[in-house]
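Contents: one structure, followed by commentary.
Residue numbers (my numbering): 90 to 188.
Have a look at this one:
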C-alpha cells in the first residue's frame, strides 16, 4: 500500500527547538475516484491540552518499552512507574529496566 502513495510535504516540520504543541498538522488524501479526505489537528495527541487517556498512555509505553525490554519487564516497569511515589529504593526500578 505504501508504494501506491505519493507524499507531498507542503509545510516541513519546524527545526529542532521551534516546535510547539499548537502547530497544526493536516493530511489530505486524494482518492482515485476524485474524492478527498481532509483532517486537521490543531493540538497533537499527548500534549498538555490534548492528553493521552490512561489506556493510550499504557499502550504507548508498552509499544516503546517492548523494543528494549521483555514483556515481563515492560509490565513490571509500568506498574512501578505508575506508583513511583511508593518506590523506596530507585535501584529496584533500575534492576527492572536495565537489560
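All residues carry an ideal CB built from backbone N, CA and C; glycine is no exception.
- The straight-line gap separating the alpha-carbon atoms of residue 182 and residue 160 is approximately 15 Å.
- Each residue's CA atom was taken as its position, placing residue 149 and residue 157 some 14 Å apart.
- Excluding the 5 residues flanking it on each side, residue 135 has same chain C-beta neighbours closer than 7 Å at 141, in chain order.
- Here the alpha carbon of residue 126 sits roughly 42 Å from the alpha carbon of residue 172.
- DSSP places residue 186 within a helical segment (H, G or I) once states are collapsed to three.
- Residue 163 counts as buried, since no fewer than 16 other beta carbons sit within 10 angstroms of its beta carbon.
- In the three-state reduction of the DSSP assignment, residue 136 falls in the strand class, which pools E and B.
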